[in-house]
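**Q**
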Amino acid sequence: MMNTILQRYFLREWKPVKSLLHDIISDGPLSNFSSVHQIRSIMDKYQEQGQLLEPYLEYMVSPLMSIIRSKAVELGAASEEILEVIKPICIIIYFLVMVCRYKAVF
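Take 1 as the starting number for the sequence shown in the UniProt record's numbering and just add one per residue.
1) Please specify which runs of the beta strand (DSSP E), each continuous and at least 3 residues long, are wholly inside the region 18-59, giving them in chain order.
2) Whole angstroms are fine: how far does the CA of Ser79 sit from the CA of Glu53?
3) Quick one: Cα of Glu35 to Cα of Gly50, how far?
4) What three-state label does DSSP hand Ser66 in the structure shown?
5) Apart from the five residues just before and just after Met60, which ones in its own chain have a Cβ nearer than 7 angstroms to its Cβ?
6) With a threshold of 16 other CB atoms inside 10 Å of the CB of Ile39, please say whether the residue is buried or exposed.
7) Can you give me the start and stop residues for the alpha helix (DSSP H) that Glu80 sits inside?
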């Protein structure tokens with residue numbers, strides 16, 4: 001019963017997370033961290049409920065990792081600019097790992 005209730009809450013919150021991720025993926029580098037903070041605040045609620053996020057992990061992680069890979073190649077790993085570009089994405093991935101655990105994410 002409790003899992004069903006949490007699932008419903010998560011599904012409601014998934015819509016804004018999906019929208020924020022879409023914006024991040026479509027728009028490229030983030031100029032501010034508001035999207036990251038919004039995603040973090042939602043993910044924090046599910047710290048002990050990683051199984052709710054697992055069906056959505058590939059949708060979230062694959063495009064984010066693609067951005068990291070392409071920016072690393074484009075800008076070069078030693079570039080100062082690379083940190084600005086990938087830091088917000090790495091923060092999102094970090095929170096996914098915190099909620100779902102490392103093995104589920106990677």
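Cβ atoms here follow ideal geometry from the backbone N, Cα and C, with glycine treated the same way.
**A** In short, the structure shows the following:
1) Within the region 18-59, no complete beta strand (DSSP E) run reaches 3 residues.
2) Working through the sequence shown from its first residue, we reach residue 53 at position 53. Working through the sequence shown from its first residue, we reach residue 79 at position 79. The sequence shown places Leu at residue 53, not Glu. Taking the straight line joining both Cα atoms gives about 33 angstroms.
3) As a working note, residue 35 is residue 35 in the sequence shown. As a working note, residue 50 is residue 50 in the sequence shown. Going by the sequence as given, residue 35 is Ser instead of Glu. Cα to Cα, the separation comes out at about 21 angstroms.
4) For this step, residue 66 is matched to residue 66 along the sequence shown. Here Ser66 sits in helix by DSSP.
5) The residue labelled residue 60 in the question sits at position 60 within the sequence shown. If we look at Met60 and ignore the five residues flanking it on each side, its Cβ neighbours are Leu21, Leu96.
6) For the purposes of this step, residue 39 is taken as the residue at position 39 of the sequence shown. If you draw a 10 Å sphere on the C-beta of Ile39, you find 16 or more other C-beta atoms in it, and that means buried.
7) Position 80 of the sequence shown, counted from the first residue, corresponds to residue 80. In the DSSP assignment, Glu80 falls outside any alpha helix (DSSP H) and carries neither an H nor an E.
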